[in-house]
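Residue numbers (my numbering), protein chains in the order written: chain A, 2 to 179; chain B, 2 to 179. The beta-carbon is built from N, C-alpha and C at its ideal position, and this holds for glycine as well.
There are 2 protein chains.
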Amino acid sequence: MFFRLPMSHKHLVLGLLLDQPMTGYDIRKHVQAVLSAATSTSYGTLYPVLHRLQTEGCVVVQEIPQKGRPPKKIYRITPLGERELTQWLKQPPEADKIRREFLLKLYLARHLPRHELLKLLEQRRAETLAALNTLRTHAKNGKHEPDAWIMDYVTALHKAEIAWLDNVTAGLAEIVRT
Amino acid sequence: MFFRLPMSHKHLVLGLLLDQPMTGYDIRKHVQAVLSAATSTSYGTLYPVLHRLQTEGCVVVQEIPQKGRPPKKIYRITPLGERELTQWLKQPPEADKIRREFLLKLYLARHLPRHELLKLLEQRRAETLAALNTLRTHAKNGKHEPDAWIMDYVTALHKAEIAWLDNVTAGLAEIVRT
DNA sequence: TGGATCATGTAAACAGTTACATGATTAC
DNA sequence: GTAATCATGTAACTGTTTACATGATCCA
Numbered sequence: 002m003f004f005r006l007p008m009s010h011k012h013l014v015l016g017l018l019l020d021q022p023m024t025g026y027d028i029r030k031h032v033q034a035v036l037s038a039a040t041s042t043s044y045g046t047l048y049p050v051l052h053r054l055q056t057e058g059c060v061v062v063q064e065i066p067q068k069g070r071p072p073k074k075i076y077r078i079t080p081l082g083e084r085e086l087t088q089w090l091k092q093p094p095e096a097d098k099i100r101r102e103f104l105l106k107l108y109l110a111r112h113l114p115r116h117e118l119l120k121l122l123e124q125r126r127a128e129t130l131a132a133l134n135t136l137r138t139h140a141k142n143g144k145h146e147p148d149a150w151i152m153d154y155v156t157a158l159h160k161a162e163i164a165w166l167d168n169v170t171a172g173l174a175e176i177v178r179t
Numbered sequence: 002m003f004f005r006l007p008m009s010h011k012h013l014v015l016g017l018l019l020d021q022p023m024t025g026y027d028i029r030k031h032v033q034a035v036l037s038a039a040t041s042t043s044y045g046t047l048y049p050v051l052h053r054l055q056t057e058g059c060v061v062v063q064e065i066p067q068k069g070r071p072p073k074k075i076y077r078i079t080p081l082g083e084r085e086l087t088q089w090l091k092q093p094p095e096a097d098k099i100r101r102e103f104l105l106k107l108y109l110a111r112h113l114p115r116h117e118l119l120k121l122l123e124q125r126r127a128e129t130l131a132a133l134n135t136l137r138t139h140a141k142n143g144k145h146e147p148d149a150w151i152m153d154y155v156t157a158l159h160k161a162e163i164a165w166l167d168n169v170t171a172g173l174a175e176i177v178r179t
C-alpha cells in the first residue's frame with residue numbers, strides 16, 4: 002500500500018507544514034498560489050506523499066469530521082520531519098528541470114509560413130503580459146519576504162522575456178524589409 | 002515491442018530531422034548544445050522514439066557499417082513525417098513545465114540560519130554567471146537565426162536573474178542592519 | 001594510461017498526470 | 001440554477017532517468 006510512491010514532493014510538504022499545520026487540499030492551493038514558479042502538484046502525488054510521511058513519522062494527523070464532506074485531515078510536522086527537512090535544505094539544490102514547448106516550436110517553426118511564426122510570438126507575448134498583470138494585481142498580498150522574492154523573480158523573468166520577444170519580432174520585420 | 006512508448010519527443014525528433022538526416026546520437030548532442038533551454042533528452046527515450054517513428058512511417062533509416070562500433074543509423078524524415086510535424090507546429094504550444102529546486106529551497110530556507118541562505122544565493126549567482134560566460138564564448142557559433150534567438154533568450158533570462166539575486170541579497174543585508 | 005567520444009540498445013526503477021468516484025456547500 | 005470550492009482518495013496511464021551491456025578510437 003505504501004511502496005513505489007513518488008517522494009519528490011516530500012520536502013515541499015514538510016517545508017510548508019513547518020509554517021503551519023495544513024490539509025492536503027490547503028497545501029495544493031498554497032503551492033499553486035505562491036510556488037508555481039518553483040514546482041507544481043496534483044492530488045495524485047500529494048495524498049500518497051502525505052500517507053507515506055505519516056508512516057515514516059515525519060508528520061502526524063488530526064482528523065476533523067465535517068458534515069457532507071470527507072473529514073478534514075490536518076497534518077503537522079514532527080521533530081523527525083523537521084530534522085529531515087533541515088538536512089535536505091542544506092544540500093545544494095538540483096539543477097532546474099525545464100520544458101518549454103513554446104521555445105521548441107519557435108526553433109522548429111522556421112519551416113512554417115512567416116505568419117504562423119508571428120502568431121506564435123504574439124500569443125506568447127499576450128500570455129506573458131497577462132501573467133505580469135495578474136502578478137501586479139496580487140502585489141499587495143505580498144506580506145512576508147519569501148512571497149515577495151518569488152513574485153519579484155517571476156516579474157523580472159517575464160519582463161525580460163517580453164523585451165526579447167519584441168526583439169525577435171522586430172528582427173523578423175527587418176528580414177521582410179530587406 | 003512497440004507499445005507503451007513515450008512519444009513526447011516525437012516532434013522534436015521530426016523537427017531536427019527536417020534540417021538534416023541524423024543519427025540518434027547526433028540528435029542528442031544537438032539538443033544538448035542548442036535546445037537545452039527548451040527540453041532535454043536521454044537515450045532511454047530517444048532510441049525507442051526513433052524505432053516507433055520508423056514503424057509509423059514518419060522516418061526511414063540508412064545503416065552504415067563501422068569497424069569496432071555499432072552500425073551508424075542515419076534517420077531521414079518522410080513526407081508523412083513532415084505532415085505530422087506541420088500539424089503539430091500549428092497547434093498552440095503547451096504551457097511551460099518547470100521545476101526549480103533552487104527557488105523552492107530559497108522559499109523554505111527562511112527556517113535556516115542566515116549564512117545558509119546567503120550561501121544558496123551566492124552559489125546560484127556563481128552558476129548563472131558561469132552559464133552566461135559560456136554562452137558568450139559560443140556566441141560566435143550563432144550561425145542561423147533560431148540558434149541566436151535561443152541564445153539571446155537564455156542570456157536575457159540569466160541577466161534578469163542575476164539582477165534579482167543581487168536585489169534579494171541586498172535586501173537581506175538591509176534587514177541585518179536594521 | 002586514462003578519460004572522453006563514438007554508437008547502439010534494453011530493463012527496471014522512478015516520477016507524475018489524468019480520470020474517476022463521491023457529494024455537500026457557497027457564491028454569483 | 002450553475003459553476004466553483006471544499007475534501008478525500010485510487011488506478012491506470014504516460015513519461016523519464018539510470019544502470020547495464022559492449023567495445024573501439026581519439027586525444028592529452
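Residue i, DSSP secondary structure in three states
i                      : result
arginine 100 (chain A) : strand
glutamate 72 (chain B) : According to the sequence displayed, residue 72 (chain B) carries proline and not glutamate. Note: proline 72 (chain B) maps to strand in three-state DSSP.
proline 22 (chain A)   : coil
glutamine 92 (chain A) : coil
glutamine 33 (chain B) : helix
glutamine 55 (chain A) : helix
proline 49 (chain B)   : helix
proline 80 (chain B)   : helix
Whole-Å CB distance - residue i paired with residue j, under 8 Å assumed
i                      : j                      : result
leucine 86 (chain B)   : leucine 36 (chain B)   : Not a contact, Cβ separation roughly 15 Å.
lysine 11 (chain A)    : valine 50 (chain A)    : 6 Å
proline 147 (chain B)  : tyrosine 154 (chain A) : Contact doesn't hold; Cβ gap of about 27 Å is too wide.
threonine 40 (chain A) : valine 32 (chain A)    : 7 Å
leucine 90 (chain A)   : glycine 58 (chain A)   : Going by Cβ atoms, the distance from leucine 90 (chain A) to glycine 58 (chain A) rounds to 19 Å, so no, they are not a contact pair.
lysine 98 (chain B)    : arginine 100 (chain A) : 4 Å
alanine 161 (chain A)  : alanine 161 (chain B)  : 4 Å
Cutoff 7 Å; reference residue i; Cβ partners in own chain excluding five residues on either side
i                         : result
arginine 125 (chain B)    : Phe103, Leu166
proline 22 (chain A)      : Ile75, Tyr76, Arg77
alanine 38 (chain A)      : Ile151, Tyr154, Val155
alanine 132 (chain B)     : His159
leucine 130 (chain B)     : Ile163
leucine 136 (chain A)     : Met152, Val155, Thr156
leucine 17 (chain A)      : Met23, Ile28, His31
phenylalanine 3 (chain B) : Reliability of the predicted coordinates at phenylalanine 3 (chain B) is poor, the pLDDT of 44 falling under 50, and the value obtained from them is presented with this limitation in mind. So the list reads His52, Arg53, Thr56, once near-sequence residues are dropped.
isoleucine 65 (chain B)   : Pro72, Lys73, Ile75
Same chain, Cβ closer than 6 Å to residue i, neighbours up to 5 away in sequence not counted
i                       : result
leucine 19 (chain A)    : Ile78
glutamine 63 (chain A)  : Ile75
threonine 170 (chain A) : Leu122
Close-in-space but distant-in-sequence residues of the same chain around residue i (CB under 8 Å, 5 per side omitted)
i                       : result
valine 181 (chain A)    : The requested residue 181 (chain A) is not part of the displayed model; chain A covers only 2 to 179.
histidine 139 (chain B) : Met152
alanine 110 (chain A)   : Glu117, Leu118, Leu121
glutamine 67 (chain A)  : Lys73
alanine 174 (chain A)   : none
Check: residue i C-beta below 8 Å from any heavy atom of the ligand FMN
i                   : result
lysine 30 (chain A) : As presented, the structure is devoid of all ligands, the ligand FMN included, so that no description of it is given.
**Report entry** Validate contact between the region 82 to 102 of chain A and the region 40 to 47 of chain A using beta carbons, cut 8 Å, 3 pairs
**Finding:** no
Requested in this report: Within the region 103 to 168 of chain A, note down every full alpha helix (DSSP H) run reaching 4 residues or more, in order along the chain.
Outcome: 115 to 138
Requested in this report: Report yes or no: do three or more beta-carbon pairs, one from the region 112 to 127 of chain B and one from the region 162 to 176 of chain B, lie closer than 8 Å?
Outcome: yes
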